[in-house]
Amino acid sequence: MSRFMRRLAALPWRAIYAGGISRGIIVFCGIAFMEERVAGLTYPRGPSMLPAFNIMGDVVVADKVSARCGWVAPGDVVQFVSPEDPRKTVIKRVLGMEGDAVTYLVDPGNSDDSKTVVVPKGHIWVQGDNIYASRDSRQFGPVPYGLVNGRICCRILPLKEFGLIGSKE
5 MSRFMRRLAA
15 LPWRAIYAGG
25 ISRGIIVFCG
35 IAFMEERVAG
45 LTYPRGPSML
55 PAFNIMGDVV
65 VADKVSARCG
75 WVAPGDVVQF
85 VSPEDPRKTV
95 IKRVLGMEGD
105 AVTYLVDPGN
115 SDDSKTVVVP
125 KGHIWVQGDN
135 IYASRDSRQF
145 GPVPYGLVNG
155 RICCRILPLK
165 EFGLIGSKE
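Note that the working numbering gives residue 48 to position 44 of the sequence shown, counting from 1, and the numbers run on in steps of one.
Printed below as a string of structure tokens:
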């Protein structure tokens with residue numbers, strides 16, 4: 005047997021294997037924690053946020069800390085659990101915070117009728133940028149702030165549109 009093979013056989017493989025497994029578990033837990041509590045990737049789909057986001061193919065970063073700390077303001081794009089279907093996550097722009105009076109078009113495709121509402125305490129008013137193809141607070145009402153789980157802060161893909169996403173006021 006060659007000298008290299010003898011040295012290889014003498015290594016403490018069980019300790020190396022156990023150390024690798026424990027480090028792998030720690031790394032996995034760290035990544036899961038970061039994704040759930042700090043920042044995570046999300047994939048907006050559909051026409052409701054045109055032209056801010058493409059119908060498909062965008063990858064954005066959702067800052068989870070801002071949502072938990074209440075650092076969301078009108079003009080920010082937020083990610084939240086759909087009030088209509090809790091299995092879905094929705095991305096819309098914040099138009100009003102609690103106490104704000106928001107005026108919106110009731111049916112923008114067919115009439116100029118508008119309505120004004122005051123956003124109740126603990127809620128936000130959200131709308132898609134493309135009001136002609138968006139289900140938002142105009143249909144389901146103000147969104148409880150507890151459903152907000154992220155503020156969209158940065159676009160990763162497509163690369164030509166990479167960068168920070170500022171608020172639109």
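All residues carry an ideal CB built from backbone N, CA and C; glycine is no exception.
In the structure shown, P162 falls within a coil segment according to DSSP collapsed to helix, strand and coil. As DSSP reads the structure, Q131 sits in a beta bridge with R97. DSSP links R155 through a beta bridge to D67 and V82. Inter-segment contact for the region 23-32 and the region 117-124 is absent: fewer than three beta-carbon pairs are separated by less than 8 Å. Shown here, V147 sits in a strand according to DSSP, grouped into three states. Rounded to the nearest angstrom, the gap between the Cα atoms of T107 and P48 is 26 Å.
Beta-carbon to beta-carbon, P146 and I128 are separated by about 7 Å, close enough to satisfy the 8 Å threshold.
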